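Engineer: Here the UniProt record's numbering is used: the first residue of the sequence shown is 1, the next is one more, and so on.
Even for Gly, the Cβ is constructed at its ideal location relative to N, Cα and C.
Source: prediction; values computed, not measured.
Before we start, here is the structure in question, set down as structure tokens.
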Amino acid sequence: MECGPYWPITSHDVHEPITSQRVDRACKRNLGERGPKDSEPRAQKTRTRQTRVRAELEKKNKEIQELQNKLKPADLEWEKFKNENKILKNTCRELETLNYKISSNLKTAHNKIIVLKGNIRVFCRVCPRTPKEIEQMKALCSINFIDKCTIEVGNGSDAVNCNGNLRAETKKFSFDKVFASKASQDMEAAYQVYFNMEMQEEDAVKEEDAVQSTSEKTPKKYLCEVCNFGTDYNSNFHRHERSPSHKKKVEQYKMKTTIEISTTQKQKKNLTKRLKESEELCTVNKFKDKCKTQEVLISE
Numbered sequence: 001m002e003c004g005p006y007w008p009i010t011s012h013d014v015h016e017p018i019t020s021q022r023v024d025r026a027c028k029r030n031l032g033e034r035g036p037k038d039s040e041p042r043a044q045k046t047r048t049r050q051t052r053v054r055a056e057l058e059k060k061n062k063e064i065q066e067l068q069n070k071l072k073p074a075d076l077e078w079e080k081f082k083n084e085n086k087i088l089k090n091t092c093r094e095l096e097t098l099n100y101k102i103s104s105n106l107k108t109a110h111n112k113i114i115v116l117k118g119n120i121r122v123f124c125r126v127c128p129r130t131p132k133e134i135e136q137m138k139a140l141c142s143i144n145f146i147d148k149c150t151i152e153v154g155n156g157s158d159a160v161n162c163n164g165n166l167r168a169e170t171k172k173f174s175f176d177k178v179f180a181s182k183a184s185q186d187m188e189a190a191y192q193v194y195f196n197m198e199m200q201e202e203d204a205v206k207e208e209d210a211v212q213s214t215s216e217k218t219p220k221k222y223l224c225e226v227c228n229f230g231t232d233y234n235s236n237f238h239r240h241e242r243s244p245s246h247k248k249k250v251e252q253y254k255m256k257t258t259i260e261i262s263t264t265q266k267q268k269k270n271l272t273k274r275l276k277e278s279e280e281l282c283t284v285n286k287f288k289d290k291c292k293t294q295e296v297l298i299s300e
């Protein structure tokens, strides 16, 4: 059999490594088969091929150098983007932690405001009539006690309408507790006010603890993962979805997701480009090694 344009080899030489002895043996065998007359044209042909291979090798070396020069800025830019991506990930992680802390503080402050708002108690004590009112037998205003927490106040006017009825205007006021004019201002009345406030505060705290324990034991039926909001009622959940704060957080979440997707696509594109350039460089290196092997064999 014949291997390439340089020398013939036998089946025994296939498994033998390429050495100078093997090349000499093949050349002798080639000269013995073709004779000394064919040696000069064959040498000239070999030199021509060697020149052509060297020229092609130089050309490939230039191409390799150009690709390497193009690859260096890409590598530097890739490292730059890699470091920036790492910094952005760390910053995003820190912002998420800070956002969680701020959200927790806001929830705590909101709960405190709600509790304080619910603990504001308004009490009313009706003053007794003045001596002038007793003397004139006429009150400045009429007060009607509807129940223990509601009173109805009139302007006390004697004006009448065309039908002969009193044209008095009345207004209702609701309080947490209404004390009549007979109630004294001594320690007993103060203790009664304080006792009512304390009882109402204890009831509010117990009710809040019961609600919190129930919410911790049973998961919410409707949960918003963006705002970390949960409720058991569909109407409250839809009202939350229509709120401006929820829409703003959804827009921020969409923007963040879009940025992450675009960054991932850009990284994928850069990696594909680098992989393609690496494959081209690998192909050129293989051809370069092959040309070097042929050049060594020819020189030997």
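What does DSSP give as the partner residue(s) for Thr-170 in the beta ladder?
Structural biologist: Here residue 170 is taken as the residue at index 170 of the sequence shown, counted from 1. Gly-154.
Engineer: May I ask you to verify whether the stretch 81 to 99 touches the stretch 257 to 276, counting CB pairs closer than 8 Å and requiring at least 3?
Structural biologist: yes
Engineer: Take the Cβ of Ile-151 as the centre, count every other Cβ of all protein chains shown within 10 Å, and call the residue buried at 16 or more, exposed below.
Structural biologist: Sequence index remark: in the sequence shown, residue 151 carries index 151 (1-based). The residue in question, Ile-151, is buried, as its Cβ has 16 or more Cβ neighbours within 10 Å.
Engineer: Please determine if the stretch 135 to 150 and the stretch 172 to 181 are in contact, where contact requires at least 3 C-beta pairs separated by less than 8 Å.
Structural biologist: Contact between the stretch 135 to 150 and the stretch 172 to 181 is present, with at least three C-beta pairs closer than 8 Å.
Engineer: I need the straight-line Cα distance from Arg-125 to Cys-141, nearest angstrom please.
Structural biologist: To locate residue 125, count along the sequence shown from 1; it is residue 125. To locate residue 141, count along the sequence shown from 1; it is residue 141. C-alpha separation (whole angstroms): 15 Å.
Engineer: Got a sec? Which residues, its chain only, sit under 7 Å from Glu-279 by beta carbon, not counting five neighbours each side?
Structural biologist: Along the sequence shown, one-based indexing puts residue 279 at 279. So the list is empty, once near-sequence residues are dropped.
Engineer: Give the secondary structure of Lys-217 by DSSP, where H, G and I count as helix, E and B as strand, and everything else as coil.
Structural biologist: Counted from its first residue, the sequence shown places residue 217 at position 217. In this prediction, Lys-217 scores a pLDDT of 46, lower than 50, which makes its location untrustworthy; no coordinate-derived value is stated.
Engineer: Assign Val-126 to one of three DSSP states: helix, strand, or coil.
Structural biologist: What you label residue 126 is simply residue 126 of the sequence shown in a count that begins at 1. Coil, per DSSP.
Engineer: Pull up the CB-CB distance for Leu-71 and Glu-277, whole angstroms please, since I reckon it's below 8 Å.
Structural biologist: Taking the sequence shown and counting its residues from 1, one reaches residue 71 at position 71. Taking the sequence shown and counting its residues from 1, one reaches residue 277 at position 277. Correct: roughly 6 Å between the Cβ atoms.
Engineer: Give me the Cβ distance between Ala-109 and Phe-145, rounded to the nearest whole Å; I'm assuming they're in contact under 8 Å.
Structural biologist: For the purposes of this step, residue 109 is taken as the residue at position 109 of the sequence shown. For the purposes of this step, residue 145 is taken as the residue at position 145 of the sequence shown. In fact, because the Cβ distance is near 39 Å, the residues do not count as touching under 8 Å.
Engineer: Identify the continuous alpha helix (DSSP H) that holds Ile-134 and give its terminal residues.
Structural biologist: For the purposes of this step, residue 134 is taken as residue 134 along the sequence shown, with counting starting at 1. Unbroken alpha helix (DSSP H) run through Ile-134: 131 to 136.
Engineer: Mapping DSSP to helix, strand and coil, what is Ile-113?
Structural biologist: Locating residue 113 in the sequence shown gives position 113, counting from the first residue. Looking at Ile-113 - three-state DSSP - the assignment turns out to be helix.
Engineer: Since Glu-169 and Asn-155 should fall inside the 8 Å C-beta cutoff, what is the C-beta to C-beta distance between them, to a whole number of angstroms?
Structural biologist: Position 169 of the sequence shown holds residue 169. Position 155 of the sequence shown holds residue 155. That pair is a contact at about 5 Å.
Engineer: Between which two residues does the beta strand (DSSP E) containing Ser-142 stretch?
Structural biologist: In the sequence shown, residue 142 corresponds to position 142, counting from 1. Residues 142 to 145.
Engineer: With distance defined between alpha-carbon atoms, name the residue in Ala-139, Lys-138, Pro-128, Asn-69 nearest to Ser-184.
Structural biologist: Numbered from its first residue, the sequence shown carries residue 184 at position 184. Selected option, being the one with the closest Cα: Pro-128.
Engineer: Based on the DSSP secondary-structure assignment, which residues constitute the bridge partners of Val-178?
Structural biologist: Counted from its first residue, the sequence shown places residue 178 at position 178. DSSP lists Cys-124 as partners of Val-178.
Engineer: Please report how far the alpha carbon of Arg-47 lies from the alpha carbon of Lys-273, in whole angstroms.
Structural biologist: By 1-based counting over the sequence shown, the position of residue 47 is 47. By 1-based counting over the sequence shown, the position of residue 273 is 273. Cα to Cα, Arg-47 sits roughly 40 Å from Lys-273.
Engineer: Can you give, in chain order, each stretch of the beta strand (DSSP E) that sits fully within the stretch 41 to 102 and has at least 3 residues?
Structural biologist: none
Engineer: Return the CA-CA distance between Lys-60 and Asp-75, expressed in angstroms with no decimal places.
Structural biologist: On the sequence shown, position 60 is the one that residue 60 refers to. On the sequence shown, position 75 is the one that residue 75 refers to. About 22 Å.
Engineer: Is the beta carbon of Leu-281 closer than 8 Å to that of Ile-102?
Structural biologist: Translated into the one-based positions of the sequence shown, residue 102 becomes position 102. Translated into the one-based positions of the sequence shown, residue 281 becomes position 281. No, they are not a contact pair.
Engineer: Nearest-angstrom Cα distance between Asn-85 and Lys-248?
Structural biologist: On the sequence shown, position 85 is the one that residue 85 refers to. On the sequence shown, position 248 is the one that residue 248 refers to. Looking at the two C-alpha atoms, the distance is approximately 25 Å.
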